[in-house]
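2 protein chains.
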Amino acid sequence: MSDGINSIMYEFGAGKSAIRTVFEETTKLRKQGRTDFWDFSIGNPEVPAPPEVNEAIVDCVNTYAQLDMHGYPPNNGWDETRAKVASCLNRDFGTGATAESVIMTGGAAGALTATIASLTTPGEEVIVITPYFAEYRMYIQSWHCRCVEVPSIPDTFQLDVDAIERAITPATRMVIVNSPCNPTGAVYSPGSLLALGDVLRRKSAEYDRTIYLLSDEPYRQICYDGVVNPWVAGYYENTIVVYSFSKALSIPGERIGYAYVPPTVKDQERVIAAIMGGQRACNTITNGLFQRVIERCVDLPAPVEEYARKRRIIHGGLGRIGYRTTRPDGAFYLWIRALEPDDHAFCRRAAKFGLYLVESTDFGTSGYARLSYAVDDWVLTSSLPAFKALWEDYGGYTW
Amino acid sequence: MSDGINSIMYEFGAGKSAIRTVFEETTKLRKQGRTDFWDFSIGNPEVPAPPEVNEAIVDCVNTYAQLDMHGYPPNNGWDETRAKVASCLNRDFGTGATAESVIMTGGAAGALTATIASLTTPGEEVIVITPYFAEYRMYIQSWHCRCVEVPSIPDTFQLDVDAIERAITPATRMVIVNSPCNPTGAVYSPGSLLALGDVLRRKSAEYDRTIYLLSDEPYRQICYDGVVNPWVAGYYENTIVVYSFSKALSIPGERIGYAYVPPTVKDQERVIAAIMGGQRACNTITNGLFQRVIERCVDLPAPVEEYARKRRIIHGGLGRIGYRTTRPDGAFYLWIRALEPDDHAFCRRAAKFGLYLVESTDFGTSGYARLSYAVDDWVLTSSLPAFKALWEDYGGYTW
Chain E
1 MSDGINSIMY EFGAGKSAIR TVFEETTKLR KQGRTDFWDF SIGNPEVPAP
51 PEVNEAIVDC VNTYAQLDMH GYPPNNGWDE TRAKVASCLN RDFGTGATAE
101 SVIMTGGAAG ALTATIASLT TPGEEVIVIT PYFAEYRMYI QSWHCRCVEV
151 PSIPDTFQLD VDAIERAITP ATRMVIVNSP CNPTGAVYSP GSLLALGDVL
201 RRKSAEYDRT IYLLSDEPYR QICYDGVVNP WVAGYYENTI VVYSFSKALS
251 IPGERIGYAY VPPTVKDQER VIAAIMGGQR ACNTITNGLF QRVIERCVDL
301 PAPVEEYARK RRIIHGGLGR IGYRTTRPDG AFYLWIRALE PDDHAFCRRA
351 AKFGLYLVES TDFGTSGYAR LSYAVDDWVL TSSLPAFKAL WEDYGGYTW
Chain B
400 MSDGINSIMY EFGAGKSAIR TVFEETTKLR KQGRTDFWDF SIGNPEVPAP
450 PEVNEAIVDC VNTYAQLDMH GYPPNNGWDE TRAKVASCLN RDFGTGATAE
500 SVIMTGGAAG ALTATIASLT TPGEEVIVIT PYFAEYRMYI QSWHCRCVEV
550 PSIPDTFQLD VDAIERAITP ATRMVIVNSP CNPTGAVYSP GSLLALGDVL
600 RRKSAEYDRT IYLLSDEPYR QICYDGVVNP WVAGYYENTI VVYSFSKALS
650 IPGERIGYAY VPPTVKDQER VIAAIMGGQR ACNTITNGLF QRVIERCVDL
700 PAPVEEYARK RRIIHGGLGR IGYRTTRPDG AFYLWIRALE PDDHAFCRRA
750 AKFGLYLVES TDFGTSGYAR LSYAVDDWVL TSSLPAFKAL WEDYGGYTW
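Residue numbers (my numbering), protein chains in the order written: chain E, 1 to 399; chain B, 400 to 798.
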């Protein structure tokens with residue numbers, strides 16, 4: 001009997017991401033009262049939300065009338081919230097944002113699905129840069145497009161613009177970039193973005209079709225050592241920016257972010273309407289209360305110093321043992337060269353030592369593991385002996 | 400130049416629903432400081448959320464640690480929230496729910512899109528009963544299925560089971576019912592649901608394919624005069640239940656609801672996995688804080704007495720003037736026979752009298768208008784002279 005279960009959705013639901021699989025494993029351990037393990041799986045900040053966030057929640061509850069807080073906001077978000085976000089974007093990036101060009105969404109993820117749904121047609125191609133956040137693949141495939149993986153430059157993990165150019169075909173509709181990059185921590189250089197903009201402009205003209213650049217920027221403010229994340233939309237006119245407040249404010253569970261369509265985007269109004277349609281089709285609409293909270297908290301600084309300290313602990317600690325890792329310029333992940341070529345086997349063996357990492361295959365690259373250092377300092381420091389034991393168990397790199 | 404804008408999404412975004420169009424019009428009037436109008440457009444309860452909701456928000460903020468409130472919940476929701484919802488379902492309907500069979504979503508709308516995405520394949524047919532909540536059509540079309548409209552029985556707006564049977568084809572995958580019904584207020588009779596279950600069972604066997612019943616129940620608790628909304632899933636085994644806390648708790652802007660897959664559903668586990676996949680593809684994941692609030696507030700009674708009073712005011716008031724309307728058994732909408740056959744023209748003329756209703760064409764039926772009485776009592780009472788003036792302007796029914 002035909003059961004009607006959509007095979008793509010079933011695979012997404014049954015398969016889960018490697019990140020979520022590890023996270024659910026460690027959640028089980030926690031529930032069993034186990035403490036003899038270290039969970040580096042998910043980018044779920046243990047750095048608490050700034051006290052201003054909880055203060056703003058209570059303040060909103062005490063301030064707003066029913067309809068202005070718990071009632072239906074417009075589908076694209078409260079006018080005041082969007083105006084506030086737009087004015088911050090203008091102050092920080094001089095980008096000509098208006099309240100109308102900002103669409104509040106259920107996190108950056110919601111903005112990504114709404115944008116992919118609305119700016120692609122089944123059968124088109126979307127380019128991603130490996131290693132990459134694996135959910136992109138799901139979002140692209142959900143809308144019946146093909147996910148085309150283009151490797152970044154080995155070791156630096158910068159954009160390989162020549163490779164991107166070679167991957168563009170008459171079916172290419174979009175390129176997704178993510179700077180600072182999850183999982184490598186790379187911050188794309190202005191030079192590479194300039195070159196990318198040139199390529200996209202040239203290829204758009206050659207194939208007589210708009211190729212969009214979708215810039216996923218949840219880690220925008222989390223950069224170290226004076227590195228500044230470039231404003232990607234400044235390098236290419238047809239860029240859609242998506243953002244989440246999850247990381248800078250440590251509120252990933254509250255699912256709030258936005259899509260921003262700069263005035264440089266061709267047919268800006270039509271693109272905005274389409275993304276609002278995608279948001280309506282997906283129902284990735286965000287909650288009213290947290291939009292009010294964001295109005296008050298949009299300017300709070302990200303806890304960069306804390307993450308810099310954590311990076312120092314784990315990057316230094318693993319380096320002293322002998323591990324080869326990135327020294328991320330941004331975000332809060334360490335990209336570790338696995339001790340054997342099979343990253344799945346490496347992560348399974350690490351788990352035997354209580355170390356829960358995410359295998360790199362899920363990010364479209366083999367031979368690495370991702371470690372999230374958005375955890376308490378003691379998790380980082382206390383894990384080092386286990387990393388040492390794992391190292392000794394292997395006898396260092398075997399390849 | 401091919402701009403890549405997906406035409407379905409553009410239409411959804413640019414077109415908006417008639418409900419939202421009227422709502423945005425009245426929002427503009429409000430911002431201009433105008434008070435000479437009555438907004439009956441959207442089911443946006445002006446009955447405030449019970450004080451326990453705001454108390455629960457503050458309590459959660461004061462109680463939970465970072466990761467248990469603002470951190471990432473599992474994609475299907477906090478275990479404790481799902482367990483609480485399941486135990487309420489079991490107490491009220493004896494349905495064998497477990498925490499695993501409940502998936503928290505961004506409102507009922509999110510549950511609808513995730514379910515339609517996951518239990519259909521492009522090209523299949525989904526049956527809806529006119530008049531119906533127009534967003535169903537968008538959700539169905541987004542996933543490349545055909546929306547098949549079957550009229551309800553005139554005047555009673557009960558299910559026309561024979562007509563549904565005739566509409567079922569080898570491509571039918573799903574039937575959506577909504578009891579109490581938005582916009583008519585009809586509560587489906589147990590007899591009609593029994594008959595519907597028989598038809599779906601017989602047709603599933605005939606075509607050797609599962610036909611799902613998708614029961615959209617945001618108004619489940621809002622029934623009048625001792626009418627009890629039947630537990631739809633008790634009448635047909637392959638029923639998926641979707642629910643929103645928007646209406647009973649007056650928190651539509653907070654976007655929280657769930658999908659529930661009863662143990663009677665064929666391949667229950669696979670169906671749950673598929674819906675979780677659909678939810679992941681749509682990113683219609685709900686926020687963590689309000690899940691905690693729901694844990695505390697799931698049992699609060701809906702303000703049925705208040706809505707019953709409002710129904711009395713507007714149903715009695717319009718009836719005395721001469722309008723022919725439903726006397727709803729549930730939900731909070733009055734379905735008004737338009738004074739002329741063209742419901743669009745009728746609503747435009749009503750707006751000239753300051754009366755903002757939604758035309759019935761948007762619900763798949765002509766010749767009616769929908770009035771939401773989830774508004775303050777004074778809006779209802781003070782509108783009656785305007786309704787009288789509109790009546791006199793027409794000279795009563797013209798058809």
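Glycine residues also receive a C-beta, built at the ideal position from the N, C-alpha and C atoms.
- Item | Residue interval of the beta strand (DSSP E) (run including leucine 300 of chain E) | For leucine 300 of chain E, there is no enclosing beta strand (DSSP E), as DSSP marks it with neither H nor E.
- Item | Contacts of asparagine 489 of chain B in chain E (Cβ-Cβ under 8 Å) | Near asparagine 489 of chain B there are no residues of chain E at all, since even the closest Cβ is about 22 Å away, more than 8 Å.
- Query: Do glutamate 52 of chain E and cysteine 297 of chain E come within 8 Å of each other at the CB atom, strictly closer than that value?
  - Reply: Taking 8 Å as the Cβ cut-off, cysteine 297 of chain E and glutamate 52 of chain E qualify as a contacting pair.
- What three-state label does DSSP hand glutamate 100 of chain E in the structure shown? Correct three-state label for glutamate 100 of chain E: helix.
- With isoleucine 140 of chain E and alanine 673 of chain B assumed to form a contact (beta carbons below 8 Å), what rounded beta-carbon distance in angstroms separates them? Contact between isoleucine 140 of chain E and alanine 673 of chain B does not hold, since the beta-carbon distance rounds to 19 Å and is not under 8 Å.
- Message: DSSP has tyrosine 642 of chain B in a bridge; who is on the other side?
- Response: According to DSSP, tyrosine 642 of chain B bridges with B:Tyr657.
- Query: Does the beta carbon of cysteine 282 of chain E sit closer than 8 Å to a beta carbon anywhere in chain B?
  - Reply: For cysteine 282 of chain E, the answer is yes, since a Cβ of chain B falls inside 8 Å of its Cβ.
- With distances taken between CB atoms, is the gap from proline 180 of chain E to isoleucine 240 of chain E smaller than 8 Å? Here proline 180 of chain E is not near isoleucine 240 of chain E, since their CB atoms are 8 Å or more apart.
- Task: Compute the beta-carbon to beta-carbon distance between aspartate 607 of chain B and methionine 1 of chain E, rounded to the nearest angstrom, for a pair I have assumed lies under 8 Å.
- Result: The Cβ separation is near 5 Å, so the contact holds.
- Beta-carbon separation (whole angstroms), alanine 117 of chain E vs glycine 278 of chain E, contact threshold 8 Å: The beta carbons of alanine 117 of chain E and glycine 278 of chain E sit about 4 Å from each other, so the pair counts as a contact at 8 Å.
- Under 8 Å by Cβ, that's how I've got serine 250 of chain E and valine 232 of chain E pegged, so tell me the actual separation to the nearest angstrom. The Cβ separation is near 24 Å, so there is no contact.
- Message: Per DSSP, what are the beta-bridge partners of proline 151 of chain E in this structure?
- Response: BP columns for proline 151 of chain E point to E:Thr130.
- Message: Helix, strand or coil for tyrosine 333 of chain E? Go by DSSP, reduced to three states.
- Response: Of the three classes helix, strand and coil, the one that applies to tyrosine 333 of chain E here is strand, per DSSP.
- Task: Specify the secondary structure class of isoleucine 610 of chain B as computed by DSSP and reduced to three states.
- Result: Taken through DSSP and simplified to helix, strand or coil, isoleucine 610 of chain B comes out as coil.
- Quick one: which residues of the stretch 408-419 of chain B get their C-beta closer than 9 Å to a C-beta of chain E? List them in chain order. Cβ contacts with chain E: Met408, Tyr409, Glu410, Phe411, Gly412, Ala413, Gly414, Lys415, Ser416, Arg419.
- Task: Can you say whether tyrosine 755 of chain B is buried or exposed, counting buried as having 16 or more other CB atoms within 10 angstroms of its CB?
- Result: Under a 10 Å Cβ-count criterion, tyrosine 755 of chain B is classified as buried, with 16 or more other Cβ atoms of the shown protein chains found around its own Cβ.
- Task: For chain E, find out if any of its Cβ atoms is closer than 8 Å to the Cβ of lysine 602 of chain B; answer yes or no.
- Result: Chain E contact via Cβ: absent.
- With DSSP as the reference, label cysteine 622 of chain B as helix, strand or coil. Correct three-state label for cysteine 622 of chain B: strand.
- Item | Check whether glutamine 537 of chain B and arginine 280 of chain E have beta carbons under 8 Å apart | First, the residue type needs correcting, since residue 537 of chain B is methionine and not glutamine in the sequence shown. In this structure, methionine 537 of chain B sits near arginine 280 of chain E, with a CB-CB distance shorter than 8 Å.
- Item | Interface flag, glutamine 465 of chain B vs chain E, CB-CB below 8 Å | So, interface residue.
- Is it buried or exposed for proline 301 of chain E, if we count other Cβ within 10 angstroms and need 16 for buried? Looking at its Cβ environment, which holds fewer than 16 other Cβ atoms inside 10 Å, proline 301 of chain E is exposed.
- Task: Give me the Cα-Cα distance between phenylalanine 290 of chain E and threonine 685 of chain B, rounded to the nearest whole angstrom.
- Result: Roughly 12 Å between the two C-alpha positions.
- Message: Any beta carbon of chain B sitting closer than 8 Å to that of phenylalanine 290 of chain E?
- Response: Under the Cβ distance rule, phenylalanine 290 of chain E counts among the residues neighbouring chain B, one pair being separated by less than 8 Å.
- Query: For a contact meaning CB atoms closer than 7 Å, what does isoleucine 650 of chain B contact in chain E?
  - Reply: Taking the beta carbon of isoleucine 650 of chain B as reference, the chain E residues within 7 Å of it are His70, listed in sequence order.
- Query: Start and end of the alpha helix (DSSP H) containing arginine 348 of chain E?
  - Reply: First-last of the alpha helix (DSSP H) with arginine 348 of chain E: 343-352.
- Name the one or two DSSP bridge partners that alanine 768 of chain B has. For alanine 768 of chain B, which the question treats as bridged, DSSP gives the partners B:Ile735, B:Glu758.
- Taking 8 Å as the cut-off, decide whether the C-beta atoms of arginine 572 of chain B and leucine 518 of chain B are in contact. Contact flag set, yes.
- Message: Per DSSP, what are the beta-bridge partners of aspartate 438 of chain B in this structure?
- Response: Per DSSP, the beta-bridge partners of aspartate 438 of chain B are B:Tyr755.
- Answer with buried or exposed for glycine 33 of chain E, where buried requires no fewer than 16 other C-beta atoms within 10 angstroms of its C-beta. With a 10 Å radius around the Cβ and a threshold of 16 neighbouring Cβ atoms, glycine 33 of chain E comes out exposed.
- Stretch-stretch touch, CB-based, cutoff 8 Å, three pairs: the stretch 149-162 of chain E with the stretch 301-314 of chain E: In short, these stretches do not touch, since the Cβ pair count stays below three.
- Message: For tryptophan 399 of chain E and glutamate 340 of chain E, what's the separation of their Cα atoms in angstroms?
- Response: The straight-line gap from Cα to Cα measures roughly 6 Å.
- Task: Return the CA-CA distance between lysine 415 of chain B and alanine 508 of chain B, expressed in angstroms with no decimal places.
- Result: Answer to the nearest angstrom: the Cα atoms are 15 Å apart.
- Identify the residues that DSSP records as bridge partners of aspartate 615 of chain B: which are they? Its beta-bridge partners are B:Val641.
- Message: Distance check for glycine 633 of chain B and glycine 442 of chain B, CA to CA, integer angstroms please.
- Response: If you draw a straight line from the Cα of glycine 442 of chain B to the Cα of glycine 633 of chain B, it is about 28 Å long.
- Item | Cut-off 7 Å between Cβ atoms - residues of its own chain near threonine 105 of chain E, not counting five sequence neighbours on either side | Taking threonine 105 of chain E as the centre and dropping the five residues before and after it, the same chain places the C-beta of Ala111, Ala114, Gly257, Tyr258, Ala259, Gln279, Thr284, Thr286 closer than 7 Å to its C-beta, in chain order.
- Query: If you count every other CB in all the chains shown that lies within 10 Å of the CB of proline 262 of chain E, and 16 or more means buried, which is it?
  - Reply: Its Cβ being crowded by 16 or more others within 10 Å, proline 262 of chain E is buried.
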